Amino acid sequence: MRRLLTAAILVALVGTSAACGNSDDSSTTATSSTGAAAPAATTASPTPTVDVAANTKEVCGKAEKIITEDAVKPIGEQIGIMIAAKQAKNKTAETAAAAKAKELADALAEKLRALKSEAADPKLQAALDKGADGIKLFGSPEYLAKINSLNDMDKLTTDIDAAGKDLEAICG
């Protein structure tokens, strides 16, 4: 999955360059035991046994459908536009492309992070979070500021690869 992210961004960047956007979605469910006399047995059922392996396969499948070349390519295109604008010293176009890259990266990251609530395995939950954080790097102003050419992408892809490593190890 991390290789797909990196490859898709680089493909989009090369195409664009040649031609010339942390919230935590995890929700906490509070259970209340307001009184000992309350019939808890009628409102709460035993936790069903979850097949963690099957759940992991299902959640990984959903993650793979979220992180596709088609989903990542627009981010890479915006980064490519930003690079071209930087080189042309067009601050308005640079700022607009960086903002769009951030918007797109943040939206994609949140889609991935939303899967965390579906994952039964805490390791998969953590990997989804870490992977989402890696995607958000694509739109991070701090990272975008470091990118002035395609050669500078190494600064970004190394951290993104690291962020996706756990998710790739689990989802294979």
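If you're matching positions, the sequence shown starts at 611 in this note's numbering and goes up one per residue. Cβ coordinates follow ideal geometry from the N, Cα and C atoms, glycine included. These numbers come from a predicted model, not from an experiment.
Annotation for GLU728: no alpha helix (DSSP H) segment contains it, and DSSP assigns it neither H nor E. Straight across, the Cα-Cα distance linking ASP771 with ASN700 is about 30 Å.
Exclusion of the five residues before and after ASP731 leaves VAL662 and THR666 as the residues of its chain whose Cβ lies within less than 6 Å of its Cβ. By alpha-carbon distance to ALA707, the top candidate from ALA724, GLU720 and ILE689 is ILE689. In this structure, DSSP gives VAL669 a helical state, which the three-state scheme calls helix. A Cβ-Cβ separation of about 5 Å places LEU714 in contact with ILE685 under the 8 Å criterion.
Going by beta carbons, GLY749 and LEU722 fall outside the 9 Å limit. Inter-residue distance for GLU668 and LEU734 is about 11 Å (C-alpha atoms, whole angstroms). In the three-state reduction of the DSSP assignment, LYS756 falls in the coil class, being assigned neither a helical nor a strand state. In this structure, the CA atom of LEU725 is about 7 Å from the CA atom of ALA673. Using a Cβ distance threshold of 9 Å, ILE693 and ASN758 count as a contacting pair. Counting C-beta atoms within 10 angstroms of its own C-beta, LYS756 has fewer than 16 neighbours from the protein chains shown and is therefore classed as exposed. For a cut-off of 8 Å, the C-beta gap from ALA737 to ASP776 is around 4 Å, short enough to register as a contact. Counted as a single uninterrupted DSSP element, the alpha helix (DSSP H) harbouring GLY690 occupies residues 679-697. If you draw a straight line from the Cα of ASP762 to the Cα of GLN697, it comes to about 13 Å. Across the structure, LYS746 and GLU687 are spaced so that their CA atoms are roughly 15 Å apart.
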